[in-house]
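Presented below is the structure to which this report refers.
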Amino acid sequence: MKTTTLAPAPMPTLSHRASRWFARNLIRIYAALAFIYLFIPVAYTFAFSFNDAGKSNLIWKGFTLDNWKNPCGAPEVCSALGNSLKIGLISTILATILGTMIAFALGRYRFKGRSVINLLIFLPMATPEVVLGASLLAMFLNFRINPGMTTIIIAHVMFCISFVVVTVKARIASLDPRLEQAAMDLYANERETFRYITLPLVMPGIAGAALLSFSLSFDDFIITNFNSGTVATFPKFVYVSAARGIPAQANVIGSSMFFIALIIVVVGQIISRRKKLKVN
Amino acid sequence: MSNPKVSDSRGDLHLNRLTKRFADFIAVDDLSLTVPRGSFFALLGPSGCGKTTTLRMIAGLEEPTQGMISIGDTDITTAKPYRRPVNTVFQNYALFPHLTIFENIAFGLRRRGVKDVKKDVDNVLELVELGHLAERKPNQLSGGQQQRIAVARAIVNKPEVLLLDEPLGALDLKLRRQMQIELKRIQMEVGITFIHVTHDQEEAMTMADTIAVMNQGKIEQMGSPAELYESPKTAFVANFLGQSNLIKGKVNSRSGTNASVKIHGIDIEVPIARMASHGDRVLIGVRPEKLNINANSKNSIGNGTVTDASFVGVSTQYLVKTSWNEELVVFEQNDAGAPDIKVGDTVSISWEPAHTFALDGDQDLSAGADVDHEAD
């Protein structure tokens, strides 16, 4: 190709160059700002878990590792955490089992009232939590059931079921019915087909639903607060202690939760990438 | 746990007056046929003709509205799919995505309580020449490989009948040809009855010993590929299997071995043995490659005008408009001495009486000609 000599371009001025740099990096700047916005609360929580706070963890008083060395140091923080874990686990198991069964019924069978049930299942998700919490409490009191661990679990199972149904149903809908037909064709009876083909294939959906249930249950404050009586859950503990200063141990537990979730996601990503590499 | 022993029936597959009615239409209509043990049988027809429904009834995935299915002397009409000595190769293979190739193939053996599956699985993997892929997952295989695994997964169980539902539909043309030969080889090696459902007439003719041409839930005609091609009994078969030139005619007389038929004022001869109709009104049929241009064969219909010529390699396909304005298709071999014919030329058309067939004249000339040859 023939080279053409260009007339020397005029030296760009400083402001000119700055604005060009800005235009080129606009998306990066925007992304950085968005991430800062998203992660400042987490970073703040994490940072203040190292605060040598004493009673109130509002002002930075100096760096210490004591909170991490002794996360149960503050009174009642660990018993509240224990309650939350216990409630989360039991609610998750119950909601996942019940929700999965409902999802199979709705996803696999045609029956009278199916579309109505499909709609009703969504209602708890759409109802404001305050309303749910208040009316549940009224109901429990009417039936003379004392608020406590049991009522919390009943309430949590109730609002988790909807999410389980929606998640698992989506997975069932994407399942090719021919796989089950193929299993039956290959001498698997109805039970074996379910055990060896259907269940393993729907399992990712069920696992996702269980994780979602657990985090919903662990996180819930509003409904729990109405129906917990004297039982303290972790969110309730944090809320109550906010009035007189949240102990730094709450930050330690909050940060740990965040990092555990992060590790799970990262490990999951690595495993799925390894699998993909193997395919290629 | 394992299933009770699958019924040990041997012998031919019988469908007896089989009918499947869905809400508002009849998919399979009073169908009876016998598939001899060990044969390669094709159910051929356009989409919606009921061939897949028939297959699913044999597999037990669909329950017949009426009629009976049996293998040998064993009635399997209402038996559960897992209680029949029948296995299926599904249209999109339906390999279990969460199991390895080895476990996919071992699935049927394990369900029947076979203790040592390794030898059987290895043998069948060798038969389909994919032993090195045993530990892969299905989505790590190409379409052709998945297809062969689907066949292996079915035949490892040594069923009495193997059903193949458009098994080559998802493969490209070259691979399809290769798999046709491969399937034929496997069938001969294992000696299992194969029932192959397809809409591809070429595929059916290449592979099957016997073809049943289906249309609107019924069998139009059944026979060997050559029989169906040379002596179709209906206009649908004549047009669906290859191409045919069909001309309306009226029988003048039948004497000896030949009948004299008048088509548009011209007398031609048809062997009586190749007439599917006893009536006077008939459709005369000649295959395009049997028509001769500018030759003096015995059945001559005089001159026509060439309206189209397309070169297709081994032959050239001409459209010739006759004196009664019907366009006939003519294939001329591109060998030495092939005539140089151009669009607009006037040519004479003739053929040998022995290459003529005659059908009942009350049919639609174009039945089966313009049906959808694509996969459903």
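Going down the list, the sequences are from chains D and B.
Position one of the first sequence corresponds to residue 1 (my numbering), numbered consecutively onward.
Position one of the second sequence corresponds to residue 1001 (my numbering), numbered consecutively onward.
Note that CB positions come from ideal geometry on N, CA and C, so glycine has one too.
Check the Cβ of residue 1092 of chain B against every Cβ in chain D and list those closer than 9 Å, keeping chain order.
Numbered from 1 along the second sequence, position 92 holds the residue referred to as residue 1092 of chain B. 176, 178, listed in chain order.
Can you tell which of D:128, D:151, D:126, D:127 has the C-alpha that lies nearest to the C-alpha of residue 138 of chain D?
The count along the first sequence starts at 1 and reaches residue 138 of chain D at position 138. Ranking D:128, D:151, D:126, D:127 by Cα distance to residue 138 of chain D puts D:151 first.
List, in order along the chain, the chain D residues whose C-beta lies closer than 8 Å to that of residue 955 of chain B?
The requested residue 955 of chain B is not part of the displayed model; chain B covers only 1001 to 1376.
Determine the DSSP secondary structure at residue 1128 of chain B, reduced to helix, strand or coil.
The residue given as residue 1128 of chain B occupies position 128 in the second sequence. DSSP, read as helix, strand or coil, puts residue 1128 of chain B in coil.
Please classify residue 1222 of chain B: is it buried, with 16 or more other beta-carbons within 10 angstroms of its beta-carbon, or exposed?
Here residue 1222 of chain B is taken as the residue at index 222 of the second sequence, counted from 1. The residue is buried, with at least 16 neighbouring Cβ atoms inside 10 Å.
By Cβ distance below 6 Å, which residues in the same chain neighbour residue 1259 of chain B in space, the five residues on each side in sequence not counted?
Start at 1 with the first residue of the second sequence, and residue 1259 of chain B comes out as number 259. These residues qualify, in order along the chain: 1251, 1270, 1272.
According to DSSP, is residue 1192 of chain B helix, strand or coil?
Reading the second sequence from its first residue, position 192 is the one you call residue 1192 of chain B. DSSP places residue 1192 of chain B outside both helix and strand once states are collapsed to three, so it counts as coil.
Going by DSSP, what residue range makes up the beta strand (DSSP E) through residue 1013 of chain B?
For this step, residue 1013 of chain B is matched to residue 13 along the second sequence. From DSSP, the beta strand (DSSP E) with residue 1013 of chain B extends over 1013-1022.
Would residue 1098 of chain B count as contacting chain D if we go by Cβ distances under 7 Å?
Taking the second sequence and counting its residues from 1, one reaches residue 1098 of chain B at position 98. Residue 1098 of chain B counts as touching chain D.
Using the beta-carbon count (16 or more within 10 Å), is residue 1066 of chain B buried or exposed?
Taking the second sequence and counting its residues from 1, one reaches residue 1066 of chain B at position 66. Classified as exposed, residue 1066 of chain B has fewer than 16 neighbouring CB atoms from the shown chains inside 10 Å of its CB.
Could you tell me whether any Cβ in chain B is nearer than 7 Å to the Cβ of residue 170 of chain D?
On the first sequence, residue 170 of chain D is found 170 positions in, with the first residue counted as 1. Closer than 7 Å: no.
Chain-ordered chain B contacts of residue 199 of chain D [CB-CB under 9 Å]:
Locating residue 199 of chain D in the first sequence gives position 199, where the first residue counts as 1. Simply none; closest approach about 10 Å.
Taking Cβ to Cβ, would you say residue 205 of chain D is nearer than 7 Å to residue 265 of chain D?
In the first sequence, the residue the question calls residue 205 of chain D occupies position 205. In the first sequence, the residue the question calls residue 265 of chain D occupies position 265. Not closer than 7 Å, so no.
With DSSP run on the structure shown, which of helix, strand or coil describes residue 1223 of chain B?
Locating residue 1223 of chain B in the second sequence gives position 223, where the first residue counts as 1. Shown here, residue 1223 of chain B sits in a strand according to DSSP, grouped into three states.
Return helix, strand or coil for residue 1034 of chain B, following the three-state DSSP convention.
Position 34 of the second sequence, counted from the first residue, corresponds to residue 1034 of chain B. In the structure shown, residue 1034 of chain B sits in a strand (DSSP, three-state: E or B).
Rounded C-alpha distance that separates residue 221 of chain D from residue 74 of chain D
Numbered from its first residue, the first sequence carries residue 221 of chain D at position 221. Numbered from its first residue, the first sequence carries residue 74 of chain D at position 74. Between residue 221 of chain D and residue 74 of chain D, the alpha-carbon positions lie close to 20 Å from each other.
Rounded to whole angstroms, what's the CA-CA distance from residue 1149 of chain B to residue 1109 of chain B? Just pull it up for me.
For the purposes of this step, residue 1149 of chain B is taken as the residue at position 149 of the second sequence. For the purposes of this step, residue 1109 of chain B is taken as the residue at position 109 of the second sequence. A straight-line Cα-Cα distance of about 15 Å links residue 1149 of chain B and residue 1109 of chain B.
Enumerate, from N- to C-terminal direction, the unbroken alpha helix (DSSP H) stretches of 4 or more residues contained entirely within the stretch 170-197 of chain D.
List check, alpha helix (DSSP H) in window: 177-185, 190-193.
Taking CB distances under 7 Å as the criterion, tell me whether residue 1013 of chain B reaches chain D.
Taking the first residue of the second sequence as 1, we reach residue 1013 of chain B at position 13. So, not an interface residue.
Indicate the three-state DSSP secondary structure (helix, strand or coil) for residue 51 of chain D in the structure shown.
Taking the first sequence and counting its residues from 1, one reaches residue 51 of chain D at position 51. Strand at residue 51 of chain D.
When the Cα of residue 1086 of chain B is compared with those of B:1153, B:1176, B:1343, which residue comes out closest?
Counting from one through the second sequence, the residue named residue 1086 of chain B turns up at place 86. Looking from the CA of residue 1086 of chain B, the closest CA among B:1153, B:1176, B:1343 belongs to B:1153.
Within 10 angstroms of its Cβ, does residue 1275 of chain B collect 16 or more other Cβ (buried), or is it exposed?
In the second sequence, the residue the question calls residue 1275 of chain B occupies position 275. Residue 1275 of chain B comes out buried.
How would you write the range of the beta strand (DSSP E) that residue 1303 of chain B sits in, first residue to last?
The sequence position of residue 1303 of chain B within the second sequence is 303, counting from 1. In the DSSP assignment, residue 1303 of chain B falls within the beta strand (DSSP E) that extends over 1299-1311.
The stretch 1190-1221 of chain B: which residues have C-beta closer than 7 Å to a C-beta of chain D, in chain order?
Of all residues in the stretch 1190-1221 of chain B, none has a Cβ within less than 7 Å of some Cβ in chain D.
Which ranges would you report for the beta strand (DSSP E) in the stretch 1154-1218 of chain B if only whole runs of at least 3 residues count?
Within the stretch 1154-1218 of chain B, the runs of beta strand (DSSP E) at least 3 residues long that lie entirely inside it are, in chain order, 1161-1165, 1193-1198, 1210-1215.
Find the nearest neighbour of residue 1091 of chain B within the set B:1168, B:1322, B:1296, judged by alpha-carbon distance.
Residue numbering aside, residue 1091 of chain B sits at position 91 when the second sequence is read from its first letter. If we check each option's Cα against that of residue 1091 of chain B, B:1168 comes out closest.
Which residues, in order along the stretch 1096-1120 of chain B, keep a beta-carbon less than 8 Å from a beta-carbon of chain D?
Here the close residues are 1096, 1097, 1098, 1107, 1108, 1111, 1112.
Minimum C-alpha distance to residue 132 of chain D - residue among D:170, D:159, D:116:
The residue given as residue 132 of chain D occupies position 132 in the first sequence. Each of D:170, D:159, D:116 was checked against the Cα of residue 132 of chain D, and the nearest Cα belongs to D:159.
Does residue 287 of chain D come within less than 7 Å of chain B when only Cβ atoms are used?
The structure shown does not extend to residue 287 of chain D, since chain D is modelled only from 1 through 280, so no value can be given for it.
Reference residue 1246 of chain B, options B:1227, B:1291, B:1216, closest by Cα
Start at 1 with the first residue of the second sequence, and residue 1246 of chain B comes out as number 246. Selected option, being the one with the closest Cα: B:1291.
Output needed in chain order: residues of the stretch 1053-1079 of chain B with a Cβ under 8 Å from some Cβ in chain D.
Against chain D - using a Cβ distance shorter than 8 Å - the residues of the stretch 1053-1079 of chain B are 1059, 1060, 1061.
Residue of B:1164, B:1216, B:1128, B:1240 minimising C-alpha distance to residue 1025 of chain B
Within the second sequence, numbered from 1, the residue matching residue 1025 of chain B stands at position 25. Out of B:1164, B:1216, B:1128, B:1240, B:1216 has the C-alpha closest to the C-alpha of residue 1025 of chain B.
Less than 7 Å between the beta carbons of residue 1214 of chain B and residue 1020 of chain B, yes or no?
The sequence position of residue 1214 of chain B within the second sequence is 214, counting from 1. The sequence position of residue 1020 of chain B within the second sequence is 20, counting from 1. The Cβ atoms of residue 1214 of chain B and residue 1020 of chain B do not sit closer than 7 Å to each other.
Between residue 162 of chain D and residue 122 of chain D, which are expected to be in contact by the criterion C-beta below 8 Å, what is the C-beta distance as a whole number of angstroms?
Taking the first residue of the first sequence as 1, we reach residue 162 of chain D at position 162. Taking the first residue of the first sequence as 1, we reach residue 122 of chain D at position 122. Contact flag correct, Cβ pair sits at about 6 Å.
Flag residue 1082 of chain B as yes if its beta-carbon sits less than 7 Å from any beta-carbon of chain D, otherwise no.
In the second sequence, residue 1082 of chain B corresponds to position 82, counting from 1. Yes - at least one Cβ of chain D is within 7 Å of the one on residue 1082 of chain B.
Is the shortest distance between the beta-carbon of residue 207 of chain D and the beta-carbons of chain B less than 7 Å?
Working through the first sequence from its first residue, we reach residue 207 of chain D at position 207. Taking Cβ atoms only, chain B never reaches closer than 7 Å to residue 207 of chain D, which makes this a no.
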